[in-house]
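Visitor: Residue 62 in my numbering sits at position 62 of the sequence shown, with consecutive numbering throughout.
Cβ coordinates follow ideal geometry from the N, Cα and C atoms, glycine included.
Note that the coordinates shown come from a computational prediction; the quantities given were computed from them, not determined experimentally.
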Amino acid sequence: MIQTVETIAFDDQKPGTSGLRKKVRVFAQPHYAQNFIQSVFDSLSDFAGKTLVIGGDGRYFNRDVIQVAIRMAAANGFGAVLVGRGGILSTPAASHMIRLHHAYGGLILSASHNPGGPDEDFGIKYNIGNGGPAPEAITDAIFARTKTIDRYLTMDTPDVDLDRDGDTRVGTMRVRIVDPVTDYADLMETLFDFGAIRAMIASGTRLSFDAMHAVTGPYATEILECRLGAAPGTVVNGTPLPDFGGHHPDPNLVHAHELHARMMAPDAPDFGAASDGDGDRNLIIGRDIFVTPSDSLALLAANAHLAPAYAKGLAGIARSMPTSQAADRVAAALGIPAYETPTGWKFFGTLLDAGLVTLCGEESAGTGSDHVREKDGLWAVLLWLNILAVRGQSVADIVHDHWARHGRNYYARHDYEGVPTAGADALMAALRARLVTLPGTTVEGLTVATADDFAYTDPTDGSVSRNQGIRILFDGGSRIVFRLSGTGTEGATLRVYLERYEPADGTLDHAVADALAPLIAAAEALAGITAHTGRTEPDVIT
Ligand code: G16
């Protein structure tokens, strides 16, 4: 029996960079998740009788909201839902499932790399029929609806058993519980030369993959250990836990420090990697060398033709604006277009759908291709392994070869987390006010060439996105970008992205902090970070 439940709108349900993310205690308020899910459905049309994919990263509250979403999908008229067993679906696997089954769309329950648990974060994002995050036109409509919603539809039915494969019904809607891993692992086998990777591993190459107690554990175990023959124990922290073992499932050098230490030790494996809460991010570390996400995108683009899926070459490469320009140099060398988009995977979807680009990447540890419409952590790991298997070189040798050919984009991101919103907004406003007067001035010995607030016009549909981050470009190609994060759940997070280009015949082996020291000083001088935030140092450097 369909129930119409009266509700009162919440005023804080604006989707951020990737869906709605809030503390669990916020989501657990009566009607809160329901309001958002109904607002999603109310912003869509013509889905009666169609299929919705539902899954999440296994974090605390995942199972509860999946039951809510199933009932609401039934009450709103979906014909079927596909749900990952145990409520589990990595974000890239959900994207693939939407595409494979020609589903109408999907609800992915995740706060990605944010921590999980009763006092931590939860999130809901909606993906469209191409498998990718809803574009801004839809997220804007969802937000508008959350402000006026006064009822939602649900059903008074018992919980669905999420742990048993097979079909059941909620009202007239079919609920199918499916294995979350197999289809995704099968897709990976079609993209990469598993035989070559298997042979490399059999001949002694050692891997270490840290699943961070998050969703990629079962995927990595199946693919790396079962299908590729890596030694048992290659996947560490491989059981998804609702609180990620109390850790922060963000694959960077701070939160994946154990992997980093392992890779810097004398007996280090040859290749190390990690993924995040929902499996879309990746961290790549060779023995004794960390590969920045920006460099990883450039390296993958330069070598992708070594994997079967990309043997014909790439149509183009896209990167988010704050991502280093290393990938642009590869695009130029390959004679293919390079695109610069705002932060957020949703901006790559139209380019991928139009066949304008094959590979996309972001400094925030996301890389992916046209095989799905999300970034994909294990995909990046497998492309790296395919390249290593074909080239027969170490990660360090491949990276150094790349810099010797294309030059090196020294790069770092400084994050100031949980700063008072007023201070962060004031910092950005003050910078914005100075943009016109900055060109031609000199800061810490660096001359400003141009300064702007990044705006993007999508080349496929003409949609415009403004205020996407302040760019200050210096003579010689160095750059500072200031941006406020759209994924945090407390206060504001200021991100300062620093980049300096060193040509191939320059000094390629500086310590990153030394290479960027003038830019770090210039960032403080330009933005008054300490004055506005009270912070003298970033919380996280990636
Ligand atoms: C999300 C988006 C990414 C974006 C990242 C960082 O990643 O999907 O496209 O780069 O947030 O966003 P921000 O700088 O606004 O915090 P994820 O892995 O959290 O879904």
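For my contact list, P251 and F143 are in at a C-beta cut-off of 8 Å; report their separation, rounded to the angstrom.
Guide: About 29 Å separates the two Cβ atoms, so there is no contact after all.
Visitor: With distances taken between CB atoms, is the gap from P242 to Y60 smaller than 9 Å?
Guide: yes
Visitor: Return yes when the Cβ of G407 is within less than 9 Å of the Cβ of E340, no when it is not.
Guide: no
Visitor: Could you give the first and the last residue of the continuous alpha helix (DSSP H) run that contains R262?
Guide: 257-264
Visitor: From V395 to P308, what does the alpha carbon distance come to, in whole angstroms?
Guide: 20 Å
Visitor: Residue range of the alpha helix (DSSP H) that A48 falls in?
Guide: Where A48 is concerned, there is no enclosing alpha helix (DSSP H), because DSSP gives it neither an H nor an E.
Visitor: Tell me, which residues are paired with V448 by DSSP?
Guide: F474
Visitor: Going by the beta-carbon positions, is the gap between G87 and L109 smaller than 9 Å?
Guide: It is a contact, given that the beta carbons lie within the stated cut-off.
Visitor: Out of N35, H102, L187, A412, point me to the one whose CA is closest to D376's CA.
Guide: L187
Visitor: Relative to the C-alpha of A521, which residue among D509, E136, S208, E537 is closest?
Guide: E537
Visitor: Report back the beta-carbon spacing between R227 and F271 to the nearest angstrom; my notes put them in contact at under 8 Å.
Guide: Going by Cβ atoms, the distance from R227 to F271 rounds to 16 Å, so no, they are not a contact pair.
Visitor: Among the candidates A513, A430, D475, whose CA atom is the shortest distance from the CA of F482?
Guide: A430
Visitor: In whole angstroms, what is the alpha-carbon distance linking V448 and F454?
Guide: 16 Å
Visitor: Helix, strand or coil, according to DSSP, for K22 in the structure here?
Guide: strand
Visitor: Does ligand 1 have even one heavy atom less than 8 Å from the beta-carbon of P133?
Guide: Within the cutoff, so yes.
Visitor: What's the C-alpha gap between W379 and L300?
Guide: 11 Å
Visitor: Using a 10 Å radius around the Cβ and a threshold of 16 neighbouring Cβ atoms, would you call M321 buried or exposed?
Guide: buried
Visitor: Using only CA atoms, which one of A256, A302, H305 lies nearest to I284?
Guide: A256
Visitor: DSSP three-state call for P133: helix, strand or coil?
Guide: strand
Visitor: Alpha helix (DSSP H) containing T7: first to last residue?
Guide: Taken as a continuous stretch (DSSP letters only), T7 belongs to no alpha helix (DSSP H), as it is neither H nor E.
Visitor: Drop a sphere of 10 angstroms on the beta-carbon of A332, count the other beta-carbons inside from all chains shown, and report buried for 16 or more, exposed for fewer.
Guide: exposed
Visitor: Below 6 Å CB to CB, which residues in the same chain sit around V40 once its five sequence neighbours on both sides are set aside?
Guide: Y126, I142
Visitor: Could you tell me which residues DSSP pairs with C226 in its beta bridges?
Guide: Paired residue(s): none; C226 is not in a bridge.
Visitor: Measuring CA to CA, which of V236, E189, V81, G217 is closest to V170?
Guide: V81
Visitor: Note down, in chain order, each residue of its chain lying with its Cβ closer than 8 Å to the Cβ of E6, except the 5 sequence neighbours on either side.
Guide: D150, R151
Visitor: For G77, I'd like the list of residues in its chain whose CB is within less than 6 Å of its CB, leaving aside the five on either flank, ordered along the chain.
Guide: Once the five neighbours on either side are set aside, the close Cβ partners of G77 are A48.
Visitor: Alpha carbon to alpha carbon, how far is G55 from N386?
Guide: Taking the CA atoms as reference points, G55 sits about 29 Å from N386.
Visitor: Which residue wins for smallest C-alpha separation from R99, given the options R373, W345, H248, L253?
Guide: R373
Visitor: When you compare the CB positions of G316 and L253, do they come within less than 9 Å of one another, or not?
Guide: No. Outside cutoff.
Visitor: Buried or exposed: A231, going by 16 or more other Cβ atoms within 10 Å of its Cβ?
Guide: exposed
Visitor: For G246 and V419, what's the separation of their Cα atoms in angstroms?
Guide: 23 Å
Visitor: If distances are taken between C-alpha atoms only, which option among I201, V83, A338, T350 comes closest to D461?
Guide: Ranked by Cα distance from D461, the options I201, V83, A338, T350 are led by T350.
Visitor: So does E362 have its beta carbon nearer than 8 Å to some heavy atom of ligand 1?
Guide: yes
Visitor: Suppose the cutoff is 6 Å on Cβ atoms and the five residues either side in sequence are ignored; what does the same chain contact list for S324 look like?
Guide: S294, N409, Y411, E499
Visitor: Would you say R567 touches ligand 1, meaning its beta carbon is less than 8 Å from a heavy atom?
Guide: This structure cannot speak to residue 567, because the chain is shown only from 1 to 542.
Visitor: For ligand 1, is there a heavy atom less than 8 Å away from the beta-carbon of G344?
Guide: G344: yes, Cβ under 8 Å from ligand 1.
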